[in-house]
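Q: Okay, handing you the structure first.
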DNA sequence: CAAATACATTCAAATATTATTATATAATGA
DNA sequence: TCATTATATAATAATATTTGAATGTATTTG
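Residue numbers (my numbering), protein chains in the order written: chain A, 2 to 125; chain B, 2 to 125.
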C-alpha cells in the first residue's frame, strides 16, 4: 500500500485544473491525445506533458493503437478524489466542543493562558 | 456551494506534507500555534505561514484565548480528503472494456487508426 | 512599566511548476 | 518513398511556492 507521503504527492499532481479535466474525461473511458487536445483546448505538447506527469506517477497508463496512444485510468484513488470534487458540501464542521463559541471553556492544552480563564470542559 | 475550480484550489493548498499534518492534528481537536510548532518540528514563522494560507482559503479558523490562538477545522472537505489519505488502496482500476488488454477491440473514438484494426466492441 | 511569551508579517533567496516554442520520432497512407 | 498524422521531448521563460531570517505586535506576568 502507498505511504501517506506518496499519496500527498499524488494529491499534488492531481490538483491542477487541466489534469483534473483529463482525469474526469478518462473516467468516461479511453481517450487518445488528440481527442483530449480538442476537448481541453490547449496545445498538444502541453497535453502530452500533463499526461506524462500523470503517467510517471502511476495514475494513468496507455495502450497503443496504430499511431494513437489510448490513455486510461489506473490508480483507484482517482474516482475517490473526483467524487469529492463533485460533492456538494454545505455549512461548516461543528465548532470545537471546548471554546468560547460553544461557551464551554477555552484552550484544552497545557500552555499558559489568561489567569481567569476557566475550563468548564475540564470541570464537567 | 463551492465551484470545482475553488475545490481544486483547496486541494492544491491541502496537498503539502506540513499542512496535511496540521489538518490531521486539528482533526483531533483545537491546537494552538506553539503546540503545532512542537509537533511539527519546524520554525514558528513557518507554522504561522502555513496556518495563514489554510485560513485565507477558509479551511481553518481560530479563536483567541489570552495570548494563544486556538485553531480548528472549518471546511467539511477536510475529513473527506484525510480519509482518502488513510485508505488502503490495492490493485488498479479495471482495464478499459474496449482495448487490446481485454482483447475486446481498439480505440473507441473517431480518429484514424490502423486499417485492419477491428472494433469488436462496436460489433457487439 | 519592563520582560517574557505567543504569534504574525515582511522580504529575499532558493526551488518548483507551468506553458511555449522548436524539434524529434514513429506509424500510416498515397 | 514522401507527406501526413499523432505524439513526445527538450529547452527556455515566466510564474508560483516554499523557507529562513529579521522584525513587529499584542498579551500577560512580575
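Positions of the beta carbon are idealized from the N, C-alpha and C atoms, including for glycine.
For a test of your reading of the model: does the CB of residue 49 (chain B) fall under 8 Å from any non-hydrogen atom of the ligand NAD? Yes or no.
A: As for the ligand NAD, it is missing from this structure, which has no ligand bound.
Q: Please check the pair residue 85 (chain A) and residue 82 (chain B), which I expect to be a contact at CB under 8 Å, by giving their CB distance rounded to whole angstroms.
A: 7 Å between Cβ atoms; contact.
Q: Take residue 27 (chain B) as the anchor and find which of A:94, A:103, A:75 and A:104 has the nearest alpha-carbon.
A: Closest by alpha carbon: A:94.
Q: Are the beta-carbon atoms of residue 34 (chain B) and residue 69 (chain B) separated by less than 9 Å?
A: Yes, the Cβ-Cβ distance between residue 34 (chain B) and residue 69 (chain B) is below 9 Å.
Q: Where does residue 18 (chain B) land, buried or exposed, given buried means 16+ other C-beta within 10 angstroms?
A: By the neighbour-count rule (16 or more Cβ atoms within 10 Å), residue 18 (chain B) is not buried but exposed.
Q: Would you list, in chain order, the members of the segment 35-58 of chain B that have their beta-carbon closer than 8 Å to a beta-carbon of chain A?
A: Correct list: 35 and 36.
Q: If you run the structure through DSSP and keep just helix, strand and coil, what is residue 22 (chain B)?
A: Three-state result, residue 22 (chain B): helix.
Q: Would you mind sorting residue 97 (chain B) into buried or exposed? The rule is 16 or more other CB atoms within 10 Å of its CB.
A: Buried, because 16 or more other Cβ atoms sit within 10 Å of the Cβ of residue 97 (chain B).
Q: With 9 Å set as the bound, which would you pick, yes or no: does the beta-carbon of residue 125 (chain B) sit closer than that to a beta-carbon of chain A?
A: Summary for residue 125 (chain B): the model assigns pLDDT 41, below 50, so the residue's position carries little reliability, and this model does not support an answer.
Q: Which of helix, strand or coil does DSSP assign to residue 34 (chain A)?
A: If DSSP states are grouped into helix, strand and coil, residue 34 (chain A) belongs with the helices.
Q: Between the Cα of residue 91 (chain B) and those of A:92, A:7, A:77 and A:4, spot the shortest distance and give me the residue it belongs to.
A: Checking every option, the nearest Cα to that of residue 91 (chain B) belongs to A:77.
Q: From the beta carbon of residue 3 (chain B), is the nearest beta carbon of chain A less than 9 Å away?
A: Yes, because at least one Cβ of chain A sits closer than 9 Å to the Cβ of residue 3 (chain B).
Q: Which stretch, first to last residue, makes up the alpha helix (DSSP H) that contains residue 76 (chain A)?
A: Unbroken run through residue 76 (chain A): none, as it is neither H nor E.
Q: Which value, in whole angstroms, describes the spacing of the CA atoms of residue 20 (chain B) and residue 29 (chain A)?
A: Spanning the two alpha carbons is a distance of roughly 32 Å.
Q: Sort out for me which residues DSSP pairs residue 61 (chain A) with in a bridge.
A: According to DSSP, which records beta bridges pairwise, residue 61 (chain A) is partnered with A:74.
Q: Whose C-beta lies closer than 6 Å to the C-beta of residue 75 (chain A) among residues of the same chain, with five residues either side of it excluded?
A: Excluding sequence neighbours, residue 75 (chain A) sits near 61 and 62.
Q: List the residues of chain B whose Cβ lies closer than 8 Å to the Cβ of residue 75 (chain A), in chain order.
A: What residue 75 (chain A) touches in chain B: 93 and 94.
Q: If you run the structure through DSSP and keep just helix, strand and coil, what is residue 83 (chain B)?
A: DSSP places residue 83 (chain B) in helix when its eight states are reduced to three.
Q: Smallest Cα separation from residue 58 (chain A): which of A:111, A:79 and A:32?
A: The option with the nearest alpha carbon to residue 58 (chain A) is A:79.
Q: Among B:50, B:89, B:6 and B:11, which one has its Cα closest to the Cα of residue 2 (chain A)?
A: Measuring from the Cα of residue 2 (chain A), the nearest candidate turns out to be B:89.
Q: Please name the residues in the segment 18-37 of chain B whose beta-carbon is closer than 8 Å to at least one beta-carbon of chain A, in chain order.
A: The segment 18-37 of chain B vs chain A, Cβ under 8 Å: 18, 21, 30, 31, 32, 33, 35 and 36.
Q: Give me the chain B residues within the contact set of residue 13 (chain A), using Cβ-Cβ distance strictly less than 8 Å, ordered along the chain.
A: Correct list: 13, 16 and 17.
Q: Kindly say whether residue 88 (chain A), judged by its beta-carbon, lies nearer than 9 Å to any beta-carbon of chain B.
A: Yes, contact with chain B.
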